[in-house]
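Here's the structure we're looking at; comments come further down.
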Amino acid sequence: MEDDNNVDFHQKLLSIDEKLELEDIESLKFLCSDLITPKTLEGIKSAHQLFQKFMDEDLLNKEDCFLVAELLFLIKQYYLLQNIGYTKEKVLQELSTKGKISSYRVMLYNLSEEVTQLDFEYIKFLMHKDIPKTLTSFLSLLRHMEKQELLSENNLEMLVKVCQPLSSNLTKRISQYKNEKKESENPLEGHVPEQPLSKAQEEKKLSVASGTAESLWEAFAKENTEETEQYMMGHRHRGLCLIFNNFQFQTMNFREGSCKDAVELRSVFKWLGFTVTIHDNTTKDEMERILTQCRTNPEHKDSDCFVCCVLTHGESGSVFSSDEKSIAIHDLTSYFMAHQCPGLMDKPKLFFLQACQGMEIQEGVPLEADARNASISPPAPKKIPQRCIPTEADFLLGLATVDGCCAIRNRMKGSWYIQALCHQLKRLVPRKEDILTILTVVNDEVTWSFELAEEEFIQRRVFIREELNY
128 MEDDNNVDFH QKLLSIDEKL ELEDIESLKF LCSDLITPKT LEGIKSAHQL
178 FQKFMDEDLL NKEDCFLVAE LLFLIKQYYL LQNIGYTKEK VLQELSTKGK
228 ISSYRVMLYN LSEEVTQLDF EYIKFLMHKD IPKTLTSFLS LLRHMEKQEL
278 LSENNLEMLV KVCQPLSSNL TKRISQYKNE KKESENPLEG HVPEQPLSKA
328 QEEKKLSVAS GTAESLWEAF AKENTEETEQ YMMGHRHRGL CLIFNNFQFQ
378 TMNFREGSCK DAVELRSVFK WLGFTVTIHD NTTKDEMERI LTQCRTNPEH
428 KDSDCFVCCV LTHGESGSVF SSDEKSIAIH DLTSYFMAHQ CPGLMDKPKL
478 FFLQACQGME IQEGVPLEAD ARNASISPPA PKKIPQRCIP TEADFLLGLA
528 TVDGCCAIRN RMKGSWYIQA LCHQLKRLVP RKEDILTILT VVNDEVTWSF
578 ELAEEEFIQR RVFIREELNY
């Protein structure tokens, strides 16, 4: 019986491990830096290896798995707490008495969550003489600073200098930590330790661990006197997801890598609970027929929302069918307006378009553009016609590029936009981030990818020129 309980406990830990990505593992390792030696952490490549080390150090067992719950809470993987019998509320209740992760470590981790990849590239540029080029994230920079004794619990000056140019919110977090640390080391005279903390004091005590100052909560409450309006997502079905994957045309370029995008989208939206259908190489008549049928689908009545993804060539304000006929973006969305599709009234309708909106493109290797013909001379950018923007509420339109420019697609890996979208949906949906926040992160990732590709191309060109001169 005891063996069965142990097997069941290990299976629960393995089920958590299967849901965590490499990025999550790195976050867990960083948060545990004060519990496990850095040398040991370097050899850990998975969550179950980390959990095994916890058990070896008597930090984790089937009777007490709070450490795992605390870590999942801190990296905002709340949906995994149920695997070990916890909820977000239960973790909060026990955090002050059972918490093992220091407020210093949590403060650093919360800073890293606010630093975007573009911010990190900026930091690397400023500190290029002092840090190795191999650093790939803000967490790796923090680890390096600690190894070089440039950062510690009582030495935050360099960290402030690094964060100051990026955001005042980052420096506020550091100041908040320092103030609360000072208060904890120098309690008010006359305080009786045995006296129970009030609810307000308990919330303040947890404020560093949760990454949110009490004063920020107060400001938020004043700005949001009413409960934030949210869509109801409690219907029987999540919804339908249509994917139009046009990669073969009559005269336009073959869209290599598009099928990888379609597969990734299907995987992610199935994971999110959608009923996904992929339509390859559809003509304009076929697209219109499919959209008409979908518009009248009775399943919308019992669904939360609707998603439509279009992977094809395009131009300003429109996309192309496989028979190379132009379809205005406004016409695509109009099928699902309230008077046309009552089943989706007051429900979110999301459209993601991987298609060029013009011909402008910077040189790149081995990249292609999702334009009618990327080899011809680029015309001047056009302004997106107002009629391509949905006039009704509840529509979200995600475009891979801005008007007048090409959308970049890698022939082997798929398009930058769709791959970034899928990656960030898998990463941020479990953390309860809203779709606009996710799309902002997607935008940052695509921009960063473009800048890296541009830098790599310039370096290659300089290297070739030097070789020729040699």
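Numbering (our numbering), first residue to last: 128 to 597.
Ideal Cβ placement from N, Cα and C applies to all residues, glycine included.
Computed from a predicted model, the values in this text were never measured in an experiment.
Your pair GLN481 and LEU524 does not check out as a contact, with CB atoms roughly 13 Å apart and the cut at 8 Å. Closest option to TYR231, judged by alpha-carbon separation, among SER443, GLY541, LEU158, VAL390: LEU158. When secondary structure is reduced to three states using DSSP, SER239 falls in the helix class. Taking 8 Å as the cut-off, the Cβ atoms of PRO557 and GLN220 do not count as close.
Taking 8 Å as the cut-off, the beta carbon of LEU399 is found no closer than this to the beta carbon of PHE433.
Sequence-distant partners of LEU147 (beyond 5 residues in either direction) whose C-beta falls short of 6 Å from its own C-beta, in its chain, are ALA174.
Between SER443 and CYS483, the alpha-carbon positions lie close to 8 Å from each other. If the five residues before and after LEU552 are omitted, its C-beta is found closer than 6 Å to the C-beta atoms of VAL395, all from its own chain and listed in chain order. According to the DSSP assignment, ASP388 belongs to no beta strand (DSSP E) but to the alpha helix (DSSP H) extending over 385-398.
One Cα belongs to LYS225, the other to PHE193, and the distance between them is close to 7 Å. Taking a 10 Å sphere around the C-beta of HIS255, we find fewer than 16 other C-beta atoms and assign the residue as exposed. With contacts defined as CB atoms closer than 8 Å, LEU418 and TYR462 qualify as a contacting pair. In this chain, GLN467 is not harboured by any beta strand (DSSP E), its DSSP state being neither H nor E.
When secondary structure is reduced to three states using DSSP, SER173 falls in the coil class, being assigned neither helix nor strand. Sequence-distant Cβ neighbours of GLU197 in its own chain, meaning closer than 8 Å and more than five residues away, are VAL218, LEU222, LYS225, GLY226, LYS227, ILE228. Judged by DSSP in its simplified three-state form, ILE163 adopts coil rather than helix or strand. Judged by their CB atoms, ASP521 and LYS452 are not nearer to each other than the 8 Å cut-off.
Its Cα nearest to that of ARG300, the residue LEU286 stands out among GLU310, LEU286, VAL568, LYS274.
Under the three-state reduction of DSSP, ASP521 is assigned to coil, being neither helix nor strand.
Comparing alpha-carbon positions, the option among LEU283, VAL242, ASN282 lying closest to SER267 turns out to be VAL242. Note: ASP407 is bridge-paired with ASN372 in the DSSP secondary-structure output. Taking a C-beta distance under 8 Å as the contact criterion, SER448 and THR402 do not qualify as a contact pair.
Leaving aside the five residues that flank VAL568 on each side, the residues in its chain whose CB is nearer than 6 Å to its CB run, in chain order, GLN551. Judged by DSSP in its simplified three-state form, ALA527 adopts coil rather than helix or strand. Non-local C-beta neighbours of ASN188 in its own chain, meaning closer than 6 Å and more than five positions away in sequence, are absent.
When rounded, the separation of the alpha-carbon atoms in ILE202 and LYS139 is 18 Å.
Short of 6 Å from the beta carbon of CYS468, and not among the five residues preceding or following it, lie these beta carbons of its own chain, in chain order: ARG422. Apart from the 5 residues on each side of it in sequence, ILE405 sits with its Cβ closer than 7 Å to the Cβ of ILE370, ASN372, ALA389, ARG393 in its chain, given in chain order.
Going by C-alpha positions, HIS457 is about 33 Å away from LEU245. Taken in chain order, the complete alpha helix (DSSP H) segments of 4 residues or longer contained in the region 210-295 are 215-225, 230-241, 244-253, 265-274, 284-290. Pairing LEU283 with LYS305 gives a Cβ-Cβ distance under 8 Å. Around the beta carbon of GLU572, a 10 Å sphere encloses 16 or more other beta carbons of the protein chains shown; the residue is thus reported as buried. When secondary structure is reduced to three states using DSSP, SER430 falls in the strand class. The continuous beta strand (DSSP E) containing VAL446 extends over residues 445-447. Distances from the alpha-carbon of GLU150 to those of LEU297, GLN375, TYR236 put TYR236 closest.
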